[in-house]
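Student: Numbering (UniProt numbering), first residue to last: 1 to 297.
Structure incoming, see below.
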């Protein structure tokens with residue numbers, strides 16, 4: 001079946017494409033290039049002068065050519081620069097390919113499984129946003145499964161990965177199950193000794209309670225978890241977070257120099273210095289909320 005063209009009035013030239021959340025609109029002057037509906041969600045590809053081509057799922061911003069490094073580098077490199085080993089990596093979600101691309105920049109990665117529930121996201125990203133996945137799609141270390149990442153985490157053998165990364169959308173629709181205790185417990189079970197888990201953990205402003213609850217839950221499940229803060233200007237509020245966890249202590253806070261040196265020169269956002277500041281940039285209201293949770297019997 002060929003590409004479906006958007007309705008003529010979907011986004012005429014010079015119009016705006018918006019995500020609406022909590023009475024606020026986050027938009028770009030853009031045109032719709034292609035819009036399709038999969039069994040899971042509505043997938044929209046847009047083209048803007050400011051950020052290039054971009055991807056929305058069910059009307060929510062996911063990524064764009066000139067924004068994606070703000071998101072993918074912070075998710076990947078604190079985990080892969082700190083885990084005891086990085087031979088085997090699991091990415092749940094990540095159908096645009098950006099997370100896999102950043103992972104495969106690490107020469108120590110020998111095998112990467114990416115489990116994306118919506119094959120149409122992969123198809124449209126490869127067609128319209130080829131720079132995001134780059135060479136990852138043809139890398140022999142890369143193994144794509146179009147399927148349910150939640151089921152994969154439940155059924156994969158224990159201690160089968162050094163790093164587990166969750167690159168999912170907001171906690172609704174097909175991504176809803178990526179933000180609960182059972183799923184996180186399975187992710188912990190998958191980690192080898194010295195392993196690191198990481199997930200995007202929403203905006204502390206636009207998704208305040210989801211963010212706080214996610215960090216609390218990860219601390220309960222893994223024993224050690226810390227949020228890290230940065231910015232993705234196209235996302236709601238522009239203020240974003242990623243949370244890292246490990247059963248054996250916060251090793252994710254200290255990148256190994258040799259691994260960092262291998263990838264930092266090619267990064268636009270991430271560096272060891274940036275990471276130090278991002279982990280320290282905990283807003284006071286989050287710090288108080290997490291301290292209150294720790295003090296409760």
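In this text, a Cβ means the ideal position worked out from N, Cα and C, and glycines have one as well.
#1: Considering just the uninterrupted stretch of the beta strand (DSSP E) at residue 90, what are its terminal residues?
#2: Looking at the strands, I want to know which residues DSSP matches up with residue 114.
#3: Between which residues of its own chain and residue 224 is the CB-CB distance below 8 angstroms, once the five residues before and five after are set aside?
#4: Taking residue 139 as the reference, which of 265, 238, 97, 287 has the closest Cα?
#5: Compute the Euclidean distance between the alpha carbons of residue 238 and residue 200, then round it to the nearest angstrom.
#6: For a test of the three-state rule: what should DSSP assign to residue 66, helix, strand or coil?
#7: On the three-state DSSP scale, how would you describe residue 257?
#8: Could you pull the DSSP bridge partners for residue 37 from this structure?
#9: Rounding to the nearest angstrom, what Cα-Cα distance links residue 18 and residue 25 in this structure?
#10: Measure the C-alpha to C-alpha separation of residue 160 and residue 91 and round it to an integer number of angstroms.
#11: Note down, one range per segment and in chain order, each beta strand (DSSP E) of at least 3 residues found wholly within the segment 192 to 265.
#12: Need the endpoints of the beta strand (DSSP E) that residue 109 sits in, please.
#13: Take the Cβ of residue 268 as the centre, count every other Cβ of all protein chains shown within 10 Å, and call the residue buried at 16 or more, exposed below.
#14: Beta-carbon separation of residue 215 and residue 195 under 8 angstroms?
#15: On the criterion of 16 or more Cβ atoms from any shown chain inside 10 Å, does residue 209 qualify as buried, or is it exposed?
#16: If contacts are defined as beta-carbon pairs under 8 angstroms, then residue 235 and residue 61 qualify, I think. What distance do you get, rounded to the angstrom?
Tutor: In this structure, then:
#1: 88 to 93 is the span of the beta strand (DSSP E), which, as asked, contains residue 90.
#2: 91, 144
#3: 245, 246, 247, 248, 249, 250
#4: 97
#5: 14 angstroms
#6: coil
#7: helix
#8: 42
#9: 6 angstroms
#10: 13 angstroms
#11: Within the segment 192 to 265, the runs of beta strand (DSSP E) that reach at least 3 residues and sit entirely inside it are, in chain order, 225 to 231, 239 to 245.
#12: Taken as a continuous stretch (DSSP letters only), residue 109 belongs to no beta strand (DSSP E), as it is neither H nor E.
#13: exposed
#14: no
#15: Exposed, by the Cβ-count rule.
#16: 6 angstroms
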